[in-house]
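Per our numbering: the first sequence = residues 2 to 555. Input: a single structure, listed below in structure tokens.
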Amino acid sequence: MKLYVKQMIVKALEQARSGGELKFESEPDIVVEKPKGTGQGDFSTTVALTLAKSEKKSPRSVAESILKYLPSSSADIESVEIAGPGFINFKMTPEFFLERLKGVARQGCEFGSVNAGKNEKILLEFVSANPTGPLHIGHGRGAAVGHSLSLLLKRAGFDVETEYYVNDVGNQMNNLGRSAWLRYRELFGEKINFPDDLYRGEYVKGTAQEIIDLKGKEFLGKSEEEVLPFFREFAGDSILNGIREDLAVFGVKFDRWFKEGSLYEDDLVGKSVDWLREKGHVYEKDGAVWLKSSDFNDEKDRVLVKQSGEKTYFCSDIAYHKNKIDRGFSKIIDLWGADHHGYVPRVQAVLEAMGYSKDVFRVLLVQFVALKRGKEKVSMSTRSGEFITLSEVIEEVGVDAARYFFLMRSSDTHLDFDLELAKEEAPENPVFYIQYAHARICSIFRNASDSGMVVPGPEEVDLSVLSEADAFSLIHKMLILPEVVEKSALAFEVHRVPHFLHDLVSEFHSYYAKHRVLSEDRPLSLARLFLLDCVRTTIANGLSIMGVSAPDKM
RNA sequence: GCGCCCAUAGCUCAGCUGGAUAGAGCGACGGUUUGCGGAACCGUAGGUCAGAGGUUCGAGUCCUCUUGGGCGCACCA
């Protein structure tokens, strides 16, 4: 929609230049926006202000030069005028908006899709929590943001795949196996002094019980060495299955679950090290193998292979990221908890050492979630294993509210998640505010069909009876969705979607309160039904990006 | 000590590549319905955009410093 105005300005600028009135060399950035104030038209541009300096003229006189070459009125434009320090304001005709409104109905659930991504292949990795314990609320934020981001990017025309990286090797898995083994013996009555550095959470007892149910006392009396492989794998699989289930309940699915272990099966890890060594980025010191990451903006060098001969987590991560790029993605995006930010330069360094372009890899950091119950902070201590799990939160507040709350804030600020507010079916709860609007519209449709009226199609509806300013304001708002999708996708900022929806819905409720939809005036009723159907579509499409349902009734 | 993130109304937060008078929600106060869902609507109060410099025609937005908070600085994953 703005593009249309922008193109007009571009044309006018070109003409003004060939007419000798302006002398800019390269086309300036043209900002077109919806003015905040009333009486400032439907669109506004600041080009004249931007150009003023290089043209060595006052902004207003630049604006006047541009204005000469703009159509002062047409089928789409009602008027163009200069305002304030040099803004050029456009007022559009009703037909301009009404035609585009019909477009919303024609596009239906496709409305809001754009092709800004041009089918670029993106791999989005998120959650990727170690299978050493159930997902907690922080992972929930990552899951909601990651999944919605994938939906958003798809809507914006990217070819997106999602992936969960399963860290199924290494020390933590050994610790998990050992924890299960100790709990197993404990369940048979042995007195265990449970070490602090192992997993103390209740869930490990559950896993131990599962093993007993399956294998009985088969392992009793054996050495840790003997039983560890079984316990490690069993516990890991059991917990991973739990994670899968939790995510499924949350509506989050992955295209692929990528196991760290598979990198070792194909020796991709060893090959990556060899390859880096050939390039001269690897050296040996103190019996370990190091990467010269300090050559690539990392603060110091990093160990790839420990003295013990074991490879570090970083080492397999190198192979993993190389593998991702080799699979043909032009962009790989990782969503990490903010506590991993120190790890970013390291991965960037190694990818650069490997010769990949800097902007292939992008990390999005998601800040912490503080759980609250009203004013009270709910303490979360991972050490004791006493944290609130994602599934507990979902159980308490529901999928829709949980997802909405995770998505409503910019992910680079801390999030206060208020359990009381999220589960309240009250006006304070923003999820219900939006869903309520959708249900309300559906309810009007039900009433309409009771009196023999159906929402008309875009080809048959007569919208000329829509004249109130509120309707046009509502239409303008709806038509912004494609821009919201494009901009938030390019910025990787999902939170703009719920903010847009909240604004839109607020205008709808206000319209509803002022203008009765169903009345004796049949043509007007039909036109308003059509208008609301488009609002409904817009709400539903927006909610679908968030993975939140759009209910017909509540 | 070094590095990253954050600081906007009483609270929780928006503010898109710098643009017109800084916006919502909640909370507070007051109002609206014998009609389409009152889970709603309308109004009032509430701000030195942490502080100080700087760049600019123009700064909440960009730069520097200070203060305050979060996080990270492993041969853990």
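Virtual Cβ for every residue (Gly too), placed ideally from N, Cα, C.
* Asked: When you compare only the Cα positions, how much space is there between residue 233 and residue 304?
  -> If you number the first sequence from 1, residue 233 lands on position 232. If you number the first sequence from 1, residue 304 lands on position 303. Cα to Cα, the separation comes out at about 25 angstroms.
* To do: Can you tell me the Cβ-Cβ gap for residue 351 and residue 319, rounded? I've got them flagged as a contact below 8 angstroms.
  => On the first sequence, residue 351 is found 350 positions in, with the first residue counted as 1. On the first sequence, residue 319 is found 318 positions in, with the first residue counted as 1. Indeed they touch by this definition, with Cβ atoms about 5 angstroms apart.
* Cβ neighbour criterion (16 or more within 10 Å) applied to residue 349 -> One-based indexing of the first sequence puts residue 349 at position 348. Result: buried.
* To do: Alpha carbon to alpha carbon, how far is residue 291 from residue 241? Give it in angstroms, no decimals.
  => Sequence index remark: in the first sequence, residue 241 carries index 240 (1-based). Sequence index remark: in the first sequence, residue 291 carries index 290 (1-based). Using only the alpha carbons, I get a separation of about 32 angstroms.
* Taking residue 66 as part of the alpha helix (DSSP H), name the residues at either end of that continuous run. => Stepping through the first sequence from its first residue, residue 66 is reached at position 65. Looking at the DSSP string, the run of the alpha helix (DSSP H) that includes residue 66 is 60 to 69.
* To do: Apply the 10 Å Cβ neighbour rule to residue 524 and answer buried if 16 or more other Cβ atoms are within range, or exposed otherwise.
  => Counting from one through the first sequence, the residue named residue 524 turns up at place 523. Residue burial is scored here from C-beta neighbours: residue 524 has fewer than 16 other C-beta atoms within 10 angstroms and is therefore classed as exposed.
* Alpha-carbon spacing of residue 17 relative to residue 30, whole angstroms -> Taking the first residue of the first sequence as 1, we reach residue 17 at position 16. Taking the first residue of the first sequence as 1, we reach residue 30 at position 29. Cα to Cα, residue 17 sits roughly 16 angstroms from residue 30.
* Could you pull out every residue in the same chain whose Cβ sits closer than 8 angstroms to the Cβ of residue 49, ignoring the five residues on either side in sequence? => Here residue 49 corresponds to residue number 48 of the first sequence, with the count starting at 1. Excluding positions up to five away in sequence, the list reads 60, 61, 63, 64, 67, 83, 87, 88, 89.
* Put residue 525 into one of helix, strand or coil per three-state DSSP. => Reading the first sequence from its first residue, position 524 is the one you call residue 525. Residue 525 falls in the helix class under three-state DSSP.
* Where the beta strand (DSSP E) containing residue 1 begins and where it ends -> Examination of residue 1 is not possible in this model, given that the chain is present from 2 through 555 alone.
* Can you tell which of 137, 112, 546, 3 has its C-alpha closest to the C-alpha of residue 78? -> By one-based count along the first sequence, residue 78 stands at place 77. Of the candidates 137, 112, 546, 3, the one whose C-alpha sits nearest the C-alpha of residue 78 is 3.
* To do: Within the segment 18 to 105, note down every full alpha helix (DSSP H) run reaching 4 residues or more, in order along the chain.
  => Entirely contained in the segment 18 to 105, the alpha helix (DSSP H) runs reaching 4 residues are, in chain order, 48 to 56, 60 to 69.
* With burial defined as no fewer than 16 other Cβ atoms inside 10 Å of the residue's Cβ, what is the status of residue 159: buried or exposed? -> Working through the first sequence from its first residue, we reach residue 159 at position 158. Counting Cβ neighbours within 10 Å, residue 159 comes out buried, since at least 16 surround it.
* Cα separation between residue 378 and residue 371? -> The sequence position of residue 378 within the first sequence is 377, counting from 1. The sequence position of residue 371 within the first sequence is 370, counting from 1. Their Cα atoms are separated by approximately 7 angstroms.
* **residue 353, DSSP secondary structure in three states** => Taking the first residue of the first sequence as 1, we reach residue 353 at position 352. The answer is helix: DSSP assigns residue 353 an H, G or I state.
* Asked: Should residue 385 go down as buried or exposed, given a rule of 16 or more other Cβ atoms within 10 Å for buried?
  -> The residue you call residue 385 lines up with position 384 of the first sequence. Its pLDDT being 48, under 50, residue 385 is placed unreliably by the model, and nothing is read from it.
* **residue 230 and residue 392 closer than 8 angstroms at C-beta** => The count along the first sequence starts at 1 and reaches residue 230 at position 229. The count along the first sequence starts at 1 and reaches residue 392 at position 391. No, these two residues do not count as a Cβ contact at 8 angstroms.
* Residue from 548, 552, 540, 545 with nearest C-alpha to residue 105 -> On the first sequence, position 104 is the one that residue 105 refers to. It is 540 whose Cα lies nearest to the Cα of residue 105.
* To do: Indicate the three-state DSSP secondary structure (helix, strand or coil) for residue 414 in the structure shown.
  => As a working note, residue 414 is residue 413 in the first sequence. Residue state, collapsed to three classes: coil.
* Looking at residue 462 and residue 528, is the spacing between their C-beta atoms short of 8 angstroms? -> Translated into the one-based positions of the first sequence, residue 528 becomes position 527. Translated into the one-based positions of the first sequence, residue 462 becomes position 461. Contact: yes.
* Which runs of the beta strand (DSSP E), 3 residues or longer, sit entirely within the segment 290 to 369? -> 303 to 306, 332 to 338, 362 to 367
* Asked: Just how far apart, CA to CA, sit residue 235 and residue 183?
  -> Position 234 of the first sequence holds residue 235. Position 182 of the first sequence holds residue 183. Distance between the alpha carbons of residue 235 and residue 183: 14 angstroms.
* Asked: Considering only C-alpha positions, which residue in the set 91, 537, 166, 494 is nearest to residue 324?
  -> Numbered from 1 along the first sequence, position 323 holds the residue referred to as residue 324. The candidate whose alpha carbon is nearest that of residue 324 is 166.
* Asked: Contact check, residue 177 vs residue 200 under 8 angstroms by CB: the rounded distance?
  -> For the purposes of this step, residue 177 is taken as the residue at position 176 of the first sequence. For the purposes of this step, residue 200 is taken as the residue at position 199 of the first sequence. Contact holds; Cβ gap of about 6 angstroms.
* Asked: I think residue 308 touches residue 288, with their Cβ atoms under 8 angstroms apart; what is that distance to the nearest whole Å?
  -> Residue 308 sits at position 307 when you count from the first residue of the first sequence. Residue 288 sits at position 287 when you count from the first residue of the first sequence. Taking the Cβ atoms as the reference, residue 308 lies roughly 4 angstroms from residue 288, within the contact range of under 8 angstroms.
* Asked: Beta-carbon separation of residue 509 and residue 485 under 8 angstroms?
  -> The sequence position of residue 509 within the first sequence is 508, counting from 1. The sequence position of residue 485 within the first sequence is 484, counting from 1. The answer is no: Cβ separation not under 8 angstroms.
* Is residue 479 buried or exposed, if buried means 16 or more other CB atoms sit within 10 Å of its CB? -> As a first step, residue 479 must be located in the first sequence, where it is residue number 478. Classification for residue 479: buried.
* One or two residues paired with residue 258 in a DSSP bridge -> In the first sequence, the residue the question calls residue 258 occupies position 257. Answer is 165.
* Asked: Counting only runs that start and end within the segment 416 to 496, where is the alpha helix (DSSP H) found for 4 or more residues in a row?
  -> 420 to 424, 431 to 451, 470 to 479, 482 to 492
* Does the Cβ-Cβ distance between residue 333 and residue 315 come in under 8 angstroms? -> In the first sequence, counting from the first residue as 1, residue 333 sits at position 332. In the first sequence, counting from the first residue as 1, residue 315 sits at position 314. Taking 8 angstroms as the Cβ cut-off, residue 333 and residue 315 do not qualify as a contacting pair.
* Of the choices 483, 441, 542, whose alpha-carbon is the least far from that of residue 517? -> Indexing the first sequence from 1 puts residue 517 at position 516. Comparing Cα-Cα distances from residue 517 to each of 483, 441, 542, the minimum goes to 441.
* Asked: Just checking, does the segment 464 to 479 make contact with the segment 396 to 412 on the three C-beta pairs under 8 angstroms criterion?
  -> no
* To do: Take residue 331 as the anchor and find which of 432, 57, 498, 162 has the nearest alpha-carbon.
  => Within the first sequence, the letter at position 330 stands for residue 331. When only C-alpha atoms are compared, the closest one is 162.
* **Buried/exposed call for residue 118, threshold 16 Cβ in 10 Å** => In the first sequence, residue 118 corresponds to position 117, counting from 1. Counting Cβ neighbours within 10 Å, residue 118 comes out buried, since at least 16 surround it.
* Could you check the C-alpha separation between residue 489 and residue 33 for me, to the nearest Å? => As a working mapping, residue 489 is identified with position 488 in the first sequence. As a working mapping, residue 33 is identified with position 32 in the first sequence. Going from the Cα of residue 489 to the Cα of residue 33 covers about 17 angstroms.
* Asked: From residue 317 to residue 154, what does the alpha carbon distance come to, in whole angstroms?
  -> For the purposes of this step, residue 317 is taken as residue 316 along the first sequence, with counting starting at 1. For the purposes of this step, residue 154 is taken as residue 153 along the first sequence, with counting starting at 1. C-alpha separation (whole angstroms): 28 angstroms.
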